[in-house]
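Notes follow once the structure below has been shown.
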Amino acid sequence: MTRHTTAPDTAPAVTTDTTDRATSTLVRSGGTAALVVAGTYVVGFAAMVAYFVPQGLVSTLEDPAGSLDFLRDHHAQLSAWYFVLYLVGGAAMALVALGVGARLAAAPTLARVSTALGLIWSGMLIASGSVALVAQHVAVELHAQDADLALSTWVSTSVVQDALGGGIEVAGAFWAAAVGLAALRTHALPAGLGGLALGLGAVGTVTVVPAAAELNTSVFGLGLIVWFTWLGVVLHRR
50 MTRHTTAPDT APAVTTDTTD RATSTLVRSG GTAALVVAGT YVVGFAAMVA YFVPQGLVST
110 LEDPAGSLDF LRDHHAQLSA WYFVLYLVGG AAMALVALGV GARLAAAPTL ARVSTALGLI
170 WSGMLIASGS VALVAQHVAV ELHAQDADLA LSTWVSTSVV QDALGGGIEV AGAFWAAAVG
230 LAALRTHALP AGLGGLALGL GAVGTVTVVP AAAELNTSVF GLGLIVWFTW LGVVLHRR
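Going left to right, the sequence shown walks through residues 50 to 287 as this note's numbering numbers them.
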């Protein structure tokens with residue numbers, strides 16, 4: 050009589066070492082992305098101070114017609130600026146959110162919340178940049194046919210773009226606050242880095258107050274240059 054035996058399941062199991070290596074790679078990738086985000090903020094502020102403002106940049110709210118004229122004269126430069134600051138920065142932000150979430154795994158609930166908020170912020174940045182780029186092209190093209198329609202379109206789309214990324218910083222503020230709280234609870238990041246994140250979260254949240262929006266948006270952005278740079282170094286070292 051032939052005896053039939055069942056072969057043992059030889060499918061490879063995911064080992065702890067493999068998981069740890071994958072997590073370490075994700076964390077380091079998040080560190081690299083954090084440095085990229087910091088770089089986009091540096092480029093953004095430098096271009097604003099050294100080029101756009103001296104060239105006569107005005108806000109759409111203060112001078113709609115002047116803002117549209119500036120766009121027509123500097124379309125290529127503004128498009129490049131938005132691409133770097135919002136599309137490149139937004140894409141890198143997604144990887145930062147995943148890497149930081151992996152580092153904060155000792156506080157699973159806060160880690161998940163921070164990852165979700167970071168991905169939401171990433172999506173809003175990319176959406177904001179996309180709206181801005183399309184709006185710039187449409188406004189410039191429309192101006193040759195109907196200047197009034199071009200101005201109306203430019204003002205309307207600028208409001209949408211500002212709401213998604215730049216007018217208020219609540220999405221980024223909530224993410225920073227969640228990361229800061231998790232960092233202080235788990236000690237997975239330096240206490241100073243966690244404390245700075247909480248401070249930036251508070252500053253970013255205040256941007257919902259119209260009277261304080263402009264100043265706090267600048268402070269929030271400059272603070273993030275320091276914070277993302279520090280974060281990138283930490284995620285690579287530890």
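Don't be surprised by glycine CBs; every beta carbon is placed ideally from N, CA and C.
Helix, strand or coil: how does DSSP classify residue 297 here? The structure shown does not extend to residue 297, since the chain is modelled only from 50 to 287, so the question has no answer here.
Given a cut-off of 8 Å on the beta-carbon distance, is the pair residue 13 and residue 256 in contact? The structure shown does not extend to residue 13, since the chain is modelled only from 50 to 287, so the question has no answer here.
Spatial neighbours of residue 254 within its chain, please: CB distance less than 7 Å, with the 5 preceding and 5 following residues excluded, ordered by chain position. As a position in the sequence shown, residue 254 is number 205, starting the count at 1. Within the same chain, residue 254 has close Cβ partners 219 and 222.
From residue 240 to residue 118, what does the alpha carbon distance come to, in whole angstroms? Counted from its first residue, the sequence shown places residue 240 at position 191. Counted from its first residue, the sequence shown places residue 118 at position 69. Their backbone Cα atoms lie some 47 Å apart in a straight line.
Distance CB(residue 235)-CB(residue 140) smaller than 8 Å: The residue you call residue 235 lines up with position 186 of the sequence shown. The residue you call residue 140 lines up with position 91 of the sequence shown. Contact flag unset, no.
Please state if the CB of residue 250 and the CB of residue 225 are separated by a distance shorter than 8 Å. To locate residue 225, count along the sequence shown from 1; it is residue 176. To locate residue 250, count along the sequence shown from 1; it is residue 201. Contact flag set, yes.
Can you name, in chain order, every residue of its own chain whose Cβ lies under 7 Å from the Cβ of residue 173, other than the five neighbours on each side? Position 124 of the sequence shown holds residue 173. Cβ within range, chain order: 213, 214 and 220.
Can you look up residue 109 in the DSSP assignment and give me helix, strand or coil? Within the sequence shown, the letter at position 60 stands for residue 109. Residue state, collapsed to three classes: coil.
Residue 138 and residue 86 look like a contact to me (Cβ under 8 Å); what is the Cβ gap, rounded to whole Å? The sequence position of residue 138 within the sequence shown is 89, counting from 1. The sequence position of residue 86 within the sequence shown is 37, counting from 1. Indeed, because the Cβ distance is near 5 Å, the residues count as touching under 8 Å.
Please go through the same chain and pick out, in chain order, the residues whose beta-carbon is closer than 6 Å to the beta-carbon of residue 80, but skip the five residues on each side of it. One-based indexing of the sequence shown puts residue 80 at position 31. Closer than 6 Å at Cβ, skipping near neighbours: 281, 284 and 285.
Buried or exposed: where does residue 102 fall if 16 or more other Cβ atoms within 10 Å of its Cβ makes it buried? Taking the sequence shown and counting its residues from 1, one reaches residue 102 at position 53. That one is exposed.
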